[in-house]
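Residue numbers (this note's numbering): 14 to 178.
Take a look at the structure set out below.
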């Protein structure tokens with residue numbers, strides 16, 4: 014089964030950012046959370062282990078008002094959340110995703126067919142099954158606290174997000 018690739022794909026010049034600590038990550042997450050387009054976005058997070066993908070997700074979910082424990086879905090593959098205003102949020106971690114049959118069995122097709130924010134770590138492991146990302150965030154750790162971040166918009170919605178960040 015492959016993804017619905019009917020969404021218009023666009024490419025824009027990437028935007029480069031530097032995060033000089035976790036406060037910068039949190040500030041970016043608050044800025045992203047404030048964008049109305051994020052409510053129905055598919056955002057992919059790329060980077061090595063320890064780059065800060067899950068940290069960014071935690072800050073983004075907190076900025077959206079999610080309470081309680083926010084854990085990495087490494088073993089569960091997906092963790093559902095709901096913002097106080099009812100916004101459904103799904104946090105995927107495809108690091109251990111190996112079997113495309115799991116996509117159907119777990120109901121991921123249905124999740125991507127409905128409104129809500131979808132965040133995916135290690136999206137390349139399920140790339141043939143997911144729609145194009147609205148916004149792809151590449152995080153590279155340059156040392157213990159510094160991060161080089163590159164943002165790519167792949168859809169008109171992603172362009173809208175990128176323009177406002």
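Glycine included, each C-beta is placed from N, C-alpha and C at the ideal position.
Since this is a predicted model, take the numbers as computed values, not measurements.
Asked	Found
Unbroken stretches of the alpha helix (DSSP H), 4 residues or longer, contained in the stretch 83-132	114-118, 121-126
Three CB pairs or more closer than 8 Å across the stretch 151-171 and the stretch 76-94	no
Reference residue 141, options 156, 121, 127, 130, closest by Cα	121
C-beta contact flag for residue 124 and residue 58 at 8 Å	no
Residue 138: first and last residue of the uninterrupted beta strand (DSSP E) it sits in	Looking at the DSSP string, residue 138 is not in any beta strand (DSSP E), and its letter there is neither H nor E.
8 Å contact criterion, which residue 175 and residue 28 should meet: CB distance rounded	6 Å
Residue 134 burial status per 10 Å Cβ neighbour count (16 or more: buried)	buried
Beta-bridge pairing of residue 29 - partner residues as DSSP gives them	163
Cutoff 8 Å; reference residue 155; Cβ partners in own chain excluding five residues on either side	161
Residue 70 to residue 130 span [Cα, whole Å]	11 Å
Distance between beta carbons of residue 97 and residue 78, contact taken as under 8 Å	4 Å
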